[in-house]
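Student:
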Amino acid sequence: MVSTTKTGIDFKGGQIGIEFLADGKTRVRMLEEGSTKEDKKQLAIFHKMGLPGGKGQVGEQYFNTNIVLINYSLIALLLQDLLREVFQGDIEKLQKIFAPDVIRPGIKKNKKDGKDYIQLEGPIGTALLNLHNYVATSDDPKVKEILERHNVEKMLRIINVDTQNRTRFFTPIKFATDHWLQAYSDYYSLDTNTWMLNDTATGVTPPIFELQDPYYNDVTNVYEAFGKASVSGDDGSLTSLTIVGKPIVPSDFSGLPVNADALFKDLLVRKFIDENGEIQEAFTSLRIPSKMELSPVFLAARDEIFAIVQKSLGRVFLANAVLRGAIRINNRSGDFIDLNAVYRGNERIVVSVEKGEFTRLDDGRLYLNGAHLTIQTVSSKEQSLISPIVHATKTDNKVAGLGGRLPKYALGVLPQGVPATFIISTAASPASSALMTQRGFSRSASPAPVARKVSQISKGIPSQLSSFAGQLQLAPEILATHLLSSLIPFQLVVDIAEAGGRVTADVVSELKQYPMLDHITVDIKANKPVQASVVATPEELARMIVSLALQQKVSEERMLSIFTASLSPAEFIEGIAKIATRTPEEITAALAKYPALRLAATTYRIEHLDKETTGKTITLKAEDVISPEALTYSLFPHGNVSQAGTSAHGVSSMKDAAHIEITFPKEGLTVDQGQWQAVKEHFEAVAEDAANKEHNHRGNVLEYFNNVFMPQEAAAYQALIKKEFIDKEKIAAGKKRLDDKLTDVPPFSGITPAYPNLPEENSGPALRVKNANAFFRLKYIISSGIGANEMFSHLLAGLHQAFGTSEVKWIVLDAPADLRTLPSDATDDNTLVIEFSRSGTTEETIKIAELTRNRFTKRIVYANKGPLKELGLQLQKEGKPVLVRDLESRIGGRLMRRLTPMTYGPMYLAGMDTKTYAADTAHYDSLLDFKHKEKSLAVALARFFFVWVVLGKRSNLSAMYNQRQLLKHSVTELRQFIMEGANKKTQYPLIANISEFPRDPHVAMEGVFGQAPTQIAFA
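Position in the sequence shown counted from 1, then plus 704, gives you my numbering.
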C-alpha cells in the first residue's frame, strides 16, 4: 500500500493506525471519515489527528492514497493454498477474511426517481489490511507453513511518501477547491512531457480552505469566485483562506459598490441603463453585518449610478459616475471598461463623443449628459490593467485573499489607499484579467507546449489577427475570441481525431485540458457554433494550436487548417461584420490578404453565391477550368521515364504518358462573371490550403515499406510460413534427389515469400527444387476487413487471380455470407487467414473470425484493441499459430493501404510483387501531390466537378466501365472518393450511378446524352 504523510488538507479519507488487542497482539487498521461522522467529537479528533494541536505525533500520521501494488502471481498461489488447506474449499469463509470494511452506510434520496438508496462502500485498503491482519495474527500452523512455502515474510508492506514527493503520486480531488487548486492556481505546474502535475515550490503543502457556506461545494461556484489566481500570499506564506457567507452573483446589468473603510458582506445596490438607453433602478435589501455602520462615503455612493451596459459582445462598467439624460454607449472593446481609467492617461482606450457632454468633475466623478460615446481598444489588454484592485491583508494568521488578488465576492480586509468605490466582483485575478471576468468569461489557461523553436503558426496567427483587427479598429482579442465562438464543435472534434488517427473519446478528454475549448467539449455533437467561455488573445490562440498539434502528433499547419475548416463561415463573417459595423462583403474582401482566414471568406462567398452576381456573363471552356499539364499522366513509372523529358510536375512527356480527356458541351458553360470569379478564388484558396497541409498517409511510402513493413511485418510472415506451411520432412527425405545443394528452405527474398514457380526477377530466389509444390502447403490467403480493405483489396485480389504467377489464391471476404464462396478444399493445412480491424470492433470481421476460428487456426490478426484482438490473444493462449499485430493509428480509412499492412500484407502472402506496388504508389502520390496545385490531377478533377456542380447545376454523376473483373472495383473507388466529399455538404444533393458496357447501354450512353443538362459522366 502507498500512503502519504497527512497534511492539513487530508481530512476526508482513510487514516492508517495500529490497534492493540487484548491478547497483546497488534494489527494495522484504517479508519475512514465516514465512520466518525455521527460523533462530532470523534470527527474533530479524526480531522486533527497527526496535525499540530491534534492527537498523535505531528508529521507521523499515515494517510491512505488508494494506491496499491499487488503481486498477483504470488497472492493467487497463497489464496489457493489457504482455500484448499485452511478453509477446506469453503470460499465464503476466505472471502469474509479480506472483504473490505463497509463505511457507515447513509441513505440518499435520488432526485429523479424519488427513491431512497443505501450506499455501500468499502476502501480497497481495508481489504488488504484484513487479509494481512488475518495472516499476521492467526495461530493456525498451516498459515505459517503456507507463508514459508512461498518465502513470504509479510503479506503487506506500507510505503509512505513524504510531503515533498506526494504530488508525484497523490493529487486527489475530494472538494470543489481541489479542482480549482489544480487547474487554475499556480500551486501546481503541468509538465507536458509527462502530462503530470508538479509542485511549483518544494516542501510546500497546499493551503487549507475553510469554506463555511455550502455554496462552495459546487465546482462552478469555486471557479467563478476564485478565478485564476496565485496562491502565494504577500509574503509568500499563504497557509489558509477563510470565506464566510454566500456571494452575490450579479445579473447581466449590475454592479457591487463597497465601503472601503470597513468589512462588507453582500452589499448590493444597482442602477443601470437598459439597451434602449433608459435609466433603470433595482435596489435589493442590504445585508449589513452586525456592529457595522455605513460610512458617509458609502451613503453617498448609494445615490450614484453603477451600471453595466451590455452591447454586442461586451459591457461597460461606469464606476462612480453621474449620468444625466439618455445615455448610449457603443462598446467595441469587447471587455469591461472602467471609464475612470480613461482619465488616468490610459492610451489603450479611445473614447469619442458623438454628442452630449463627457467631463470629469473635481471630485473625480465622471459626468455624462446626454452623451453618445464610442469606446475603442487600441492596444493589448495587459497594457492597461496594470494594478490589482484589491490587496490581501493578514489577520489572525488567516489570509483574506490570494496573493494580492481577492477572490470575487469574498470577505476581505481592505488596506489603505483603495479607492472609495470599486467593483469587488472584478478583482478576482491578476491585473491582466481583473476587469474581464465579470462578463461571463474567465482567462484561459492552456497546457504550456513543450519548449521548441518559435513556429510560423506562433508568429503568423497573432500577426494576421492583429493586423486584421487594426484594419477594422477592433481589439485583437475580440477577433480571437469570436473565432473560437464560430467553431462547429462536431466538425472540430472529428477532424482532430481523424488527423491523428485517434479515438474520439480520447481526443475529447485531451481537449478538456484547454479552457479555450470548454465550449467545444460541452457538447461535441453540436453542429452549430457555441459561444466561447473565455476571452483569448491571438497569442494564446496560436499557442493552443501549436500545443494541440504537438499533443496530437500532427503538423501545426494541419492543426491550423482543421480550426479554420471547422469555422462556420456565416457565423464568423457575419459576426465580425456586426461587431465592426461593416457589411459581410467588406469583411470577405478584407480577409483576402490574410492566408489563415482566406478560406473562410471564400467559402462564405460560395455559400452566398447569389450575392456575387454581376449581370455579365462568360463562357467557360475546358481549358479555362483545368490545366493541360494535369491531364498528362505517367502511365508506366517503371518504363523509360529516366530517358524522357518531364513536365513541371514530374510527368513523362513521351509515350509512357496517358492523356486524360475532359470535354465540355460544344457551346461551353455560360456563367455569371462575378460568380465565376468567386468560384475561382475559392478554389485557389482550397488548393493553397491543401498544398500547405501535411498528410500522414503520403510522401514516405517507400520509407515505410523498406524500413517498417519488410523488416517487421514481412519477417513475421516468413517465420510463420516457414513453421506452418513448409513440409520439412518431405524436404529432408528428398534432399538427395535435388539438383542443387540446398540444405534447408532458403530465406525469403525480402520482396515476397520464396513461393514456388515465381519468376526470379519478380520475387527473388524461389525454392530451387524440381518439385517444390510437394513441399509447400499454402494454397489460400483469406483476408477480411471492411473500409480500406473493401475499397482496394478486391481489385488487387482480382489482378492477382487474373495475372498472378504464384499458385496461392487470395480470397477477400466482406461479410459472413461470403463464407459460402470458400473453396471446398480450403483446409487448416493449406489456408492462412489475415484480418484487419484497427478498433477491433468491426462486426463483419469479428463474425467471420468467430465462424472460421476452428476451421482455420493459422491466422494473422491486426487489431489495436477490442473483441478481435481479444480473440486473437485467446487463440494464442490456446496454442494456436496466431500472430497478433497492431496497426498505425494516425492513418485512417482507405488511406491505410499506403502506410500499413492493409494491402501489402495479403499481397505479400499471395506472392505478388509488393515492392513494385509500393514504388508505384509512391510515384503516383508524387504526381497527385496537392503541392502541385492546379497541375495535380487530383486538384484538377476536384475543380472540374466543383464547377459543374456549383455553376453548371449538375446533380447526377454517371460512371461507366467496360471490364467487370477489374474496372468495376476502380469505378466503385472513384465514386466513393467523389461522393464522400460531396455528401458532407447539404447544398450539393448529388447522386451517382454506375453502368457497365455492354450490359447497360440504355442506362449509360443514351441516359447520359439524353439527360445532358443534369449529368456529369466519367468513363
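All C-beta atoms, glycine included, are put in the ideal place defined by N, C-alpha and C.
Quantities reported herein were computed from a predicted structural model and do not represent experimental measurements.
Quick check on the burial criterion: 16 or more other C-beta atoms within 10 angstroms. Buried or exposed for K1573?
Tutor: By the neighbour-count criterion, in which 16 or more other beta carbons inside 10 Å mark a residue as buried, K1573 falls on the buried side.
Student: In terms of alpha-carbon separation, which member of I713, L885, I1564 and S1237 lies closest to K1584?
Tutor: I1564
Student: Can you name, in chain order, every residue of its own chain whose Cβ lies under 8 Å from the Cβ of R1668, other than the five neighbours on each side?
Tutor: E1700
Student: Would you tell me roughly how many angstroms separate the C-alpha atoms of L1303 and Q1256, rounded to the nearest one?
Tutor: 23 Å
Student: Give the range of the beta strand (DSSP E) segment to which T1321 is assigned.
Tutor: T1321 to L1324
Student: State the Cα-Cα distance for the pair K1672 and F1540, rounded to the nearest angstrom.
Tutor: 23 Å
Student: In chain order, what residues of the same chain lie with their CB nearer than 8 Å to the CB of P827, ignoring the 5 residues before and after it?
Tutor: G718, M734, E736, N768, N770, P804, D805 and I807
Student: Grab the span of the alpha helix (DSSP H) containing V847 for me, first residue to last.
Tutor: Annotation for V847: the continuous alpha helix (DSSP H) segment containing it runs P845 to R853.
Student: With the cut-off set at 8 Å, would you say I1291 and V1375 are in Cβ contact?
Tutor: no
Student: Near S707, which residues of its chain fall below 8 Å by C-beta distance, leaving aside the five closest residues on each side in sequence?
Tutor: I720, Y766, F767, N768, T769, I862, I863, N864 and V865
Student: Contact between the segment 1182-1202 and the segment 1269-1279 is defined here as three or more beta-carbon pairs at a separation below 8 Å; is this criterion met?
Tutor: Counting Cβ pairs under 8 Å, three or more are found: they touch.
Student: For a test of the three-state rule: what should DSSP assign to M859, helix, strand or coil?
Tutor: Coil at M859, not helix or strand.
Student: Which same chain residues, not among the five before or five after A1519, have their C-beta less than 6 Å away from its C-beta?
Tutor: Excluding residues within five positions, the ones whose Cβ falls inside 6 Å are E1548.
Student: Could you give the first and the last residue of the continuous alpha helix (DSSP H) run that contains I1249?
Tutor: P1242 to Q1256
Student: Let me check understanding here. Comparing Cα to Cα, which of T830, R1679, E1677 and N1660 lies closest to F1713?
Tutor: N1660
Student: Which runs of the beta strand (DSSP E) fall wholly inside the segment 738-823 and span at least 3 residues, in chain order?
Tutor: 766-771, 811-813 and 820-822
Student: Just to confirm, are L1373 and L1324 a CB contact at a threshold of 8 Å?
Tutor: yes
Student: Where does W1652 land, buried or exposed, given buried means 16+ other C-beta within 10 angstroms?
Tutor: buried
Student: Note down the Cα distance separating N1404 from L1631, rounded to an integer number of angstroms.
Tutor: 14 Å
Student: Is it the case that the Cβ atoms of I722 and L786 are separated by a distance below 8 Å?
Tutor: It is not a contact, given that the beta carbons lie outside the stated cut-off.
Student: So, helix, strand or coil for W1514, using DSSP?
Tutor: strand
Student: Checking the sheet assignment: what are the DSSP bridge partners for M705?
Tutor: Bridge partners of M705: none, in fact.
Student: Using only CA atoms, which one of I1552, P1605 and R1309 lies nearest to N1411?
Tutor: P1605
Student: By DSSP, does T730 sit in helix, in strand, or in coil?
Tutor: In this structure, T730 counts as strand in the three-state DSSP scheme.
Student: Going by beta carbon distance, what residues of the same chain come within less than 7 Å of A831, once the five residues before and after it are set aside?
Tutor: F802, A803 and P804
Student: Assuming L1536 and L1613 are in contact, meaning their beta carbons sit under 8 Å apart, how far apart are those beta carbons, in whole angstroms?
Tutor: 6 Å
Student: Do you know offhand how far G1174's Cα is from P1180's?
Tutor: 8 Å
Student: When the Cα of T1545 is compared with those of L1526, L824, R1206 and P1571, which residue comes out closest?
Tutor: Nearest of L1526, L824, R1206 and P1571 to T1545, Cα basis: P1571.
Student: Answer yes or no: do A1284 and A1296 have a C-beta to C-beta separation smaller than 8 Å?
Tutor: no
Student: Take every Cβ of the segment 850-860, pair it with every Cβ of the segment 741-752, and state whether three or more of those distances are shorter than 8 Å.
Tutor: no
Student: Please report the straight-line C-alpha distance between V1329 and R1247, rounded to a whole angstrom.
Tutor: In this structure, the alpha-carbon of V1329 lies about 39 Å from that of R1247.
Student: Using the Cα positions of H836 and E825, report the straight-line distance between them to the nearest angstrom.
Tutor: 20 Å
Student: CA-CA distance, G1204 and V1212?
Tutor: 13 Å
Student: Specify, as a first and last residue, the run of the alpha helix (DSSP H) that Q1377 falls within.
Tutor: Q1377 to N1396 is the span of the alpha helix (DSSP H), which, as asked, contains Q1377.
Student: Can you have a look at F724 and say buried or exposed, based on whether 16 or more other CB atoms are within 10 angstroms of its CB?
Tutor: Around the Cβ of F724, a 10 Å sphere holds fewer than 16 other Cβ atoms; the residue is exposed.
Student: With a Cβ-Cβ cutoff of 8 Å, do L1641 and A1663 count as a contact?
Tutor: no
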